[in-house]
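Comments concern the structure below.
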Amino acid sequence: MAVVAAAVAVLLAASGAGPAVDRFPDAAPSYLVAVDGEVLWERAPDAPRPPASLAKILAALVVLEDPPEAGWLRVGARAAAETGSRIGLRSGEEIRVADALAAMLVASANDACRALAEREPGGSTAFVSRMNRRATALGLRATRIVDPCGHDARGQRTTARDLLVLTRAALASAEFRRIVALPEVRLSTRAGRVLAAPTSNALLGRLPGADGVKTGFTPQAGKCVVASARRDGREVLVVLLGAPDRWWTAAALVERAFAEAPPRG
Amino acid sequence: MKPSWLALAVLVAPALVVAAPPAKGAAVPPEPGVQWEQTVEMQMQGFSMPAQTSTVCVPRKGMTEPPGTGRDDKCKVTNVKNDGKKMTWSMVCEGEERMSGEGEILQRPDGYDGKMTVRSSQGEMLMKMSGRKLGTACDAAETRRQVAAIQAEGAALQAQGCREGAAALAVSMFTGPTAMCTDPADRATLCRKAATAEGVSALSAQPASTTGGLSALCGKDLPAMRAEACADAARREAERRCTDGSDSLLAFLGQSCPAETRTVAQRECAGRTYTSLTTCYRSFCTTYAGDLLDKGKKAPPPTPKPEDAAGDAAKKAVKSLLPW
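Taken in sequence, the protein lines are chains P and B. Residue 114 in the numbering used here sits at position 107 of the first sequence, with consecutive numbering throughout. Residue 619 in the numbering used here sits at position 27 of the second sequence, with consecutive numbering throughout.
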């Protein structure tokens, strides 16, 4: 055991990285701040928490496994009846898969999310299975999805650390990165009805350098956000789970992370 | 080497046996001279500078007064004795750094050897000098003109350095017994700038040992200047229109003025959501929120059930944020 501890210490010293500290204990029950992939500050990053709509990041990764540009999907009755954030889809309408993806990520639209999940052969259940397989493939050992859109559900969980890994994987997709930076989503159904909704990410357009990623809220999860910002070639990612005032907190942590980011190695 | 030593070395070294330069602005007529090669070596506080050899044009009448005579208003040469072969003298430099010394030169038809010892609070400097007549005819006034030009250029450079030092708030150039800069106009420039928000910010980043001389220099120490600048910045910030769009006032308040920052935060941040902030105050309020949240390295380690304990703490934090 002592040998392992010594080896870890040597590795940390060699990499110039120190253990992440909890500098902001009042920020959220579980949070994590990383600069260029290096975790600066954290609190209970491995504590299991409900993911809320941050689950849609994983849903988006699954959708993006097949190029969605050209396809259309039909909105089912269950999707149209979704609660929470919606873009206003009606049962029987057809929309482009790419538009549904954008509505799900930009406006956290549950109706678009459910429509995407039900498009899967085998329906939502099969889609959830794909999500969990993808989570396993990414090494997200503490993540288990039950509801594809992140509604509170028994046994559904993730962690701040898993969400950091997941988000970095998602941001590797240029299409995902483009969508989550949009200030609004605007789509037209196949019948020509136009729907629009602003981003649910309050940092976009307000915090310098903010370029995505995803918000979430459920009664059990509280207010959550994964926020990304880039300045001068450096990237800050903030994961807040259950943050009472996520926008103040996320903005403050992003600013502080850029201000105190260790020099590039 | 301390500046005063440098000044002394410059004073006596460049052209040891060249007569004193003309008064400022005075014309220098041609004067018959002979070229000499001269070597100077300095030792001070346990180390030696490499010997420096140069060729200079010396008046044919030879060395009639000690080197450096008349080159500095602060230094006086006294007790000069010269029998044509041996010249001795004493020297005293007044000012903030007092120096004194003695010199001796033994002259020969084809050369000279000499030494000069100078003492100050920084220690003792020994300068050894020697000269060898080369014999080539030259215009001794040309060398004097060059010396005068070099001295004028040096003075101009120093004046420019002091002006730039004042603008850059280089307090140490203006304070202490070895202050390089004494021009009242430069002092006034420095003190005016030091009293501004920009000046206080810059000085606050300097070590206290550097800014300690502000009180003697400007009549106010840094805390007093900061208090005045903060009050002024708070007044201007309250009077400006949001469309002014400049963050410099808020940046200064946030960095240097805790009391005024609280006042502005109460007025512009308290009780507001992040999305309801005006553009002017978003960065200021965000930074303020970060300061409130930041517990530094004193943060307690996570408890065995961190999500519950931290959840309570987070709720309390929000309640404490809202009534700023």
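Beta carbons: idealized from backbone N, C-alpha and C, even for Gly.
Evaluate residue i with the Cβ neighbour count: other Cβ atoms within 10 Å of its Cβ, from every protein chain shown; 16 or more gives buried, anything less gives exposed.
{"i": "Q637/B", "result": "exposed"}
{"i": "A259/P", "result": "buried"}
{"i": "P892/B", "result": "Residue confidence for P892/B is low, a pLDDT of 36 falling below 50, so the modelled location carries little weight; the figure read from the coordinates is stated next. Flag for P892/B reads exposed."}
{"i": "R274/P", "result": "Any question about residue 274/P goes unanswered here, given that chain P covers just 8 to 272."}
{"i": "E191/P", "result": "exposed"}
{"i": "E89/P", "result": "buried"}
{"i": "K890/B", "result": "Note that K890/B scores 40 on pLDDT, short of 50, meaning its location in the model is unreliable and no value can be drawn from it."}
{"i": "D169/P", "result": "buried"}
{"i": "V648/B", "result": "buried"}
{"i": "P776/B", "result": "exposed"}
{"i": "E49/P", "result": "buried"}
{"i": "V669/B", "result": "buried"}
{"i": "K673/B", "result": "exposed"}
{"i": "K221/P", "result": "buried"}
{"i": "A732/B", "result": "buried"}
{"i": "C834/B", "result": "exposed"}
{"i": "D675/B", "result": "exposed"}
{"i": "K653/B", "result": "exposed"}
Cβ of residue i less than 7 Å from any chain P Cβ?
{"i": "T855/B", "result": "no"}
{"i": "D839/B", "result": "no"}
{"i": "A843/B", "result": "no"}
{"i": "Y866/B", "result": "yes"}
{"i": "T878/B", "result": "yes"}
{"i": "A797/B", "result": "no"}
{"i": "A862/B", "result": "no"}
{"i": "G846/B", "result": "no"}
{"i": "K887/B", "result": "yes"}
{"i": "A789/B", "result": "no"}
{"i": "A808/B", "result": "no"}
{"i": "G882/B", "result": "yes"}
Relative to the C-alpha of residue i, which candidate in the options has its C-alpha closest?
{"i": "D702/B", "options": "W628/B, E831/B and P850/B", "result": "W628/B"}
{"i": "K666/B", "options": "C685/B, A732/B, V672/B and C649/B", "result": "C685/B"}
{"i": "G249/P", "options": "V42/P, A84/P, A114/P and A34/P", "result": "A34/P"}
{"i": "L96/P", "options": "A119/P, P74/P and L80/P", "result": "A119/P"}
{"i": "C849/B", "options": "V632/B, L869/B, M817/B and T870/B", "result": "M817/B"}
{"i": "G715/B", "options": "S692/B, G791/B, V620/B and D778/B", "result": "S692/B"}
{"i": "G846/B", "options": "S713/B, R700/B, Q752/B and F876/B", "result": "F876/B"}
{"i": "D106/P", "options": "T222/P, G130/P, R137/P and P74/P", "result": "P74/P"}
{"i": "A800/B", "options": "C810/B, A732/B, P815/B and D883/B", "result": "P815/B"}
{"i": "A851/B", "options": "C834/B, A825/B and S868/B", "result": "A825/B"}
{"i": "M719/B", "options": "P642/B, C822/B, A729/B and G727/B", "result": "P642/B"}
{"i": "P269/P", "options": "P251/P, E242/P, W255/P and L71/P", "result": "E242/P"}
{"i": "V153/P", "options": "G44/P, E45/P, A62/P and D29/P", "result": "A62/P"}
{"i": "A786/B", "options": "G804/B, P769/B, M772/B and A771/B", "result": "G804/B"}
Within 7 Å of any Cβ in chain B, is that where the Cβ of residue i sits?
{"i": "Q163/P", "result": "no"}
{"i": "W48/P", "result": "no"}
{"i": "E262/P", "result": "yes"}
{"i": "F31/P", "result": "yes"}
{"i": "A34/P", "result": "yes"}
{"i": "A258/P", "result": "yes"}
{"i": "A209/P", "result": "yes"}
{"i": "W79/P", "result": "no"}
Can you tell me which of the three DSSP states residue i falls into?
{"i": "R103/P", "result": "strand"}
{"i": "R818/B", "result": "helix"}
{"i": "G757/B", "result": "helix"}
{"i": "V31/P", "result": "Before going on, a small fix: residue 31/P reads as Phe here, not Val. Coil."}
{"i": "T709/B", "result": "strand"}
{"i": "D775/B", "result": "coil"}
{"i": "I697/B", "result": "strand"}
{"i": "K653/B", "result": "coil"}
{"i": "V69/P", "result": "helix"}
{"i": "A59/P", "result": "helix"}
{"i": "S596/B", "result": "Here S596/B scores only 44 on pLDDT, less than 50, and its place in the model should not be relied on; the value that follows carries that caveat. The answer is helix: DSSP assigns S596/B an H, G or I state."}
{"i": "S875/B", "result": "helix"}
{"i": "D169/P", "result": "helix"}
{"i": "E49/P", "result": "strand"}
{"i": "P892/B", "result": "Model confidence at P892/B stands at a pLDDT of 36, short of 50, so the residue's coordinates are unreliable; what they give is reported in the following sentence. P892/B: coil per DSSP, three-state reduction."}
{"i": "D883/B", "result": "helix"}
{"i": "D731/B", "result": "strand"}
If residue i sits next to residue j, beta carbons under 8 Å apart, how far is it from one beta carbon to the other, in whole angstroms?
{"i": "E696/B", "j": "G687/B", "result": "Not a contact, Cβ separation roughly 25 Å."}
{"i": "E100/P", "j": "T196/P", "result": "5 Å"}
{"i": "L147/P", "j": "V172/P", "result": "6 Å"}
{"i": "R827/B", "j": "L841/B", "result": "Rounded, the Cβ-Cβ distance is 10 Å, inconsistent with contact."}
{"i": "L80/P", "j": "A167/P", "result": "L80/P to A167/P, Cβ: 32 Å. No contact."}
{"i": "R164/P", "j": "R151/P", "result": "6 Å"}
{"i": "A109/P", "j": "L189/P", "result": "7 Å"}
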